[in-house]
């Protein structure tokens with residue numbers, strides 16, 4: 009069954025836990041897989057899947073085609089969210105989880121930048137209860153949410169982030185608290201990046 013054209017899988021025989029990692033805009037699974045090599049070697053019980061988003065014309069890139077989970081029209085906070093793109097990507101990612109037959113409570117859904125936005129959208133609009141959602145340097149999309157489960161969500165954000173400003177991460181945290189999900193917020197002295205203790209954070213949920 010082919011859901012994505014490109015898919016990186018680490019520890020393909022592992023059965024205890026599944027990490028799905030969603031990359032940022034104009035990136036790909038192969039480049040991001042380097043961030044998980046060391047972790048995968050020390051956690052052989054964890055399957056790690058890193059799909060590459062399909063090319064999409066993105067307004068933020070002057071309508072050029074780049075790997076993207078959904079269209080970002082511009083940097084305006086008032087720009088309309090691409091709900092069709094969000095839904096189409098969510099459908100593909102959920103099919104990927106179903107294909108590998110992991111119980112959803114053994115699945116860690118993790119995303120960075122646009123991938124973090126995508127992971128939050130999935131968490132609040134699907135019928136799965138995930139082990140944890142880790143959203144790094146992202147924000148909560150401004151769309152209606154079904155909020156079908158009391159998800160466990162961890163947000164991380166650099167205080168010097170100029171791509172997705174720190175305030176966007178903090179406001180997302182406050183909005184999620186209002187939605188009654190179990191959410192935590194980790195801030196660090198960094199820019200638009202992974203938190204420095206990323207591997208330790210992941211390890212908490214698979215040991």
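Residue numbers (our numbering): 9 to 215.
Built from N, CA and C at the ideal position, the CB exists for glycine as well.
- According to the DSSP assignment, residue 193 belongs to the beta strand (DSSP E) that extends over 190 to 196.
- Looking at the DSSP output, residue 119 sits in a beta bridge with 30 and 143.
- In this structure, the CA atom of residue 194 is about 14 Å from the CA atom of residue 207.
- Residue 54 holds the alpha-carbon nearest to the alpha-carbon of residue 215 among 11, 87, 54 and 38.
- With a cutoff of 8 Å on beta-carbon distance, residue 148 and residue 180 are scored as near each other.
- For the 8 Å CB-CB criterion, residue 159 and residue 189 form a contact.
- Per DSSP, residue 173 has no beta-bridge partner at all.
- The beta carbon of residue 167 is closer than 8 Å to those of 174, 195, 196, 197 and 198 in its chain, skipping five residues each way along the sequence.
- Distance check between residue 106 and each of 134, 32 and 143 places 134 closest, using alpha-carbon atoms only.
- Cβ-Cβ distances below 6 Å link residue 104 to 11 in the same chain, with the five nearest sequence neighbours on each side left out; the list follows chain order.
- Per DSSP, the unbroken beta strand (DSSP E) holding residue 73 starts and ends at 72 to 75.
- Leaving aside the five residues that flank residue 176 on each side, the residues in its chain whose CB is nearer than 6 Å to its CB run, in chain order, 147.
- Beyond the five residues adjoining it in sequence on each side, residue 91 comes within less than 6 Å, by CB distance, of 151 in the same chain, given in chain order.
- Here residue 129 is not near residue 112, since their CB atoms are 8 Å or more apart.
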